[in-house]
Amino acid sequence: MNCNIVKDLIPLYIDGCCSEESRKIVEEHIKDCDDCKKLFEDMKSSSEVITVSQSPKTFSKLNDWKASVLQSVLLFVSFSLITIGVALESRTPLGIENGLWAINLVIPATGFMLSLANWYFVRVYKSRKSFSNSSLIATLGIILCAYIWSGFHYEMSLFDWFSGNNFHHSMIAFLFFNGIGILLTIVFCILSKTLSNRYAKMLGKE
Ligand SMILES: [Zn+2]
């Protein structure tokens, strides 16, 4: 068999798209012909390299896309919560009993949304763990700062609430007014930690 014909058949053989007859011809020929055997092995190994390097690329592109979708959805949901909370809060007259429940929706959602800014720096962090921990700290830190701000906004005095002989009653009032906020803070902190971890995993971070 002519070497040139076999050389034409080798790529088809490697791709598995030649006839049974051609397949036998190639196999028979490379047993005896060192030239064609070498060509066959070179082409086979280079085709394997291409297959191997292509699949993680497709995989990571899909995951990049998933990560972007996750980030966008979270941004949209948390911003919507803030908008709803602010709209409702502005319709109620100023006063602890009126607007505080709405601010308890706005503050945890704001903390979570602002912590998403940290996600743009995911590649700066050494590990997935340090990234998710910093996201958690950012969420909690922003929420606490916003609560301190809201204390001024509603002209609350924590000192008045917790001092005197009415501590028990004040504590119940505090938990009553801020109960939803405390619950949402816990929920958003857990979400921040777990979702940032998931996000980093999608981007292939160890
Ligand atoms: Zn040959």
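Going by my numbering, the first residue of the sequence shown is number 20, and it counts up by one from there. All C-beta atoms in this analysis are idealised placements derived from N, C-alpha and C, irrespective of residue type, glycine included.
Mind checking whether residue 126 and residue 200 have CB atoms under 8 Å apart?
yes
Could you check what DSSP says for residue 130 in three-state terms: helix, strand or coil?
helix
Determine the burial state of residue 170: buried for a count of at least 16 other Cβ atoms within 10 Å of its Cβ, exposed for fewer.
exposed
Continuous alpha helix (DSSP H) stretch holding residue 36: start and end:
Note, residue 36: premise wrong, no alpha helix (DSSP H); not H, not E.
Ends of the alpha helix (DSSP H) at residue 210?
Run containing residue 210: 186 to 221, per the alpha helix (DSSP H) assignment.
Does any residue of chain B have a CB that is nearer than 8 Å to the CB of residue 94?
The structure shown contains no chain B, having only a single protein chain.
Beta carbon of residue 94, beta carbon of residue 214: below 8 Å?
no
Three-way DSSP call (helix, strand, coil) for residue 46 in this model
helix
As assigned by DSSP and simplified to three states, the class of residue 225
coil
In the DSSP assignment, find the unbroken alpha helix (DSSP H) run with residue 164 in it and report its ends.
147 to 172 is the span of the alpha helix (DSSP H), which, as asked, contains residue 164.
Could you check whether the Cβ of residue 25 sits closer than 7 Å to any heavy atom belonging to ligand 1?
Checking the 7 Å criterion, the Cβ of residue 25 is within range of a heavy atom belonging to ligand 1.
Near residue 58, what residues of its chain come up, given a Cβ to Cβ distance below 8 Å and the 5 sequence neighbours on each side ignored?
26 and 29
Is it the case that the CB of residue 54 approaches a heavy atom of ligand 1 more closely than 7 Å?
yes
Report whether the distance from the Cβ of residue 36 to the nearest heavy atom of ligand 3 is below 7 Å.
Although ligand 3 was asked about, the structure shown includes only ligand 1 as ligands.
Does residue 88 pass the burial test, meaning 16 or more other C-beta atoms within 10 Å, or should it be called exposed?
Residue 88 comes out exposed.
In this structure, how does DSSP classify residue 102 when only helix, strand and coil are distinguished?
helix
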